[in-house]
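Trainee: Below are the structure tokens for one structure; questions will follow.
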Amino acid sequence: MKATLFKEHGGVDKLIYTEIEEPEVSSSEVLVKVKACGLNHLDIWVRQGLPGITIPLPHILGCEIAGEIAGIGSAVEGLNIGQRVLVAPGINCGKCEYCLNSHDSLCHEFRIMGFQVNGGYAEYAKTPAVNIIPVTDKLSFNEWAAVPLVFLTAWNMLKTRGDLTTGEAVLIHAAGSGIGSAAIQIARLSGADVITTVGSDGKMEKARELGADHVINYSREDFAEKVNEITGGRGVDLIFEHIGPETWEKSMLCLKRGGRIVTCGATSGPTVNFDLRFLFAKQLSVSGCYMGSRGELMKVMELIESGRLKSVLDSVFPLKDAVAAQTKMLERKQFGKIVLVPNEA
């Protein structure tokens, strides 16, 4: 089969489009013919290399996979060849206290497709059968591939960790990112007053169309000053943070007393600084998010199916052009999700 992989960590030039053997499934696994695979910043971090984390090389990226079942392990029941499916990106043991209490991503054995195991930058991918989620043809494969990781993470950040409720004000960074475009919709559905940031005027109207009440172009306005102007100096109840040091300190200044900040990413770097006295004097809360549970993903998919949430597609690249696709993401030129498809599609 054809796949895009890397044999050593580094820049986008390390991605190689090549021919490799099709994966073999165990008795409890399923082989999926990949029809579409969504890109994420996680792909970039893994390709560059993460300190202290070793993964087997060569490695195939891609955690958001939509496709058709092409093979079924001997112990798997209830699935059929040719069935349209989505792959839940988080793999867990299913037996520990966290898994049994629906906190899948806290499992000590938690792994992510395309991160610790090979993913969907290929014509075929294998996965545990329990990670297979049948889907309808209400959405195209490209649209389904724009759903799992970003909507699951955004839901966990806003609803589970952030406890966002009707009437609260929320600041969502980077409306044009896959996770930002998902978060705006979830926040709007929650009845919140939605403030978001973009890097260019061309993205402002798209953010409003998704449900943002206020859009700030951070390239020409100080977003902290603007947020405080919008809120009459009160600040926001919740901040949806996934950028890192580039935005962290000013984000903290946007929080009202007793406010919350939830973070899931470090696009601009892993290390931030803030004054602990500011944290406890204003009684702020800081939470981390690492994806979410299978139950949360199913809830999100119900809302997608009903049309209350929608996947946001920016562009589609053939698998052989993964370098160009990742470069577009690195340059922040997209609004919504970038998707890879096998070259035959």
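Just so you know, we're using full-length UniProt numbering here: the sequence shown kicks off at 1 and counts up by one.
Cβ coordinates follow ideal geometry from the N, Cα and C atoms, glycine included.
1. Going by alpha carbons, who is nearest to P270 out of E109, L276, W248?
2. Is K95 buried or exposed, if buried means 16 or more other CB atoms sit within 10 Å of its CB?
3. Does H103 come out as helix, strand or coil in the three-state DSSP assignment?
4. Roughly how far, in whole angstroms, is the beta-carbon of I179 from the beta-carbon of V194, given that I think they are within contact range, below 8 Å?
5. How about the segment 109-128 and the segment 57-73: do they share at least three Cβ pairs that are nearer than 8 Å?
6. Roughly how many angstroms lie between the CA atoms of I239 and R260, to the nearest whole one?
7. Give me the DSSP bridge partner(s) of S285.
8. Pick helix, strand or coil for E8, following the three-state DSSP scheme.
9. Would you call the CB atoms of C264 and T165 closer than 8 Å?
10. Could you give the DSSP three-state label for E296: helix, strand or coil?
11. Could you name the residues of the same chain whose beta carbon sits closer than 8 Å to that of K333, not counting the 5 residues immediately before and after it, in chain order?
12. Quick check on N156: buried or exposed, where buried means 16 or more other Cβ atoms within 10 Å of its Cβ?
13. Is the separation between the beta-carbon of T262 and that of S287 shorter than 8 Å?
14. With distances taken from CA atoms, which of H108, V147, E97 is nearest A88?
15. Thinking C-alpha only, which one of S74, I184, L330 is nearest S27?
16. Give the secondary structure of V46 by DSSP, where H, G and I count as helix, E and B as strand, and everything else as coil.
Mentor: Walking through what the data contain:
1. Here the closest residue by C-alpha is W248.
2. Within 10 angstroms of the beta-carbon of K95 lie fewer than 16 other beta-carbons, which makes it exposed.
3. Looking at H103 - three-state DSSP - the assignment turns out to be coil, as it is neither helix nor strand.
4. With a Cβ gap of about 14 Å, I179 and V194 do not count as contacting.
5. Yes, the segment 109-128 touches the segment 57-73.
6. Rounded to the nearest angstrom, the gap between the Cα atoms of I239 and R260 is 6 Å.
7. Answer by DSSP bridge pairing, in chain order: R260.
8. If DSSP states are grouped into helix, strand and coil, E8 belongs with coil.
9. In this structure, C264 keeps its C-beta atom at 8 Å or more from the C-beta atom of T165.
10. Annotated three-state conformation of E296 is helix, per DSSP.
11. Around K333: no qualifying Cβ.
12. N156 should be labelled buried.
13. For clarity, residue 262 is Val in the given sequence; the question names Thr instead. Yes. Within cutoff.
14. Looking at the Cα atoms, V147 is the closest of the given residues.
15. Looking only at S74, I184, L330, the smallest Cα-Cα distance to S27 is reached by S74.
16. In the structure shown, V46 sits in a helix (DSSP, three-state: H, G or I).
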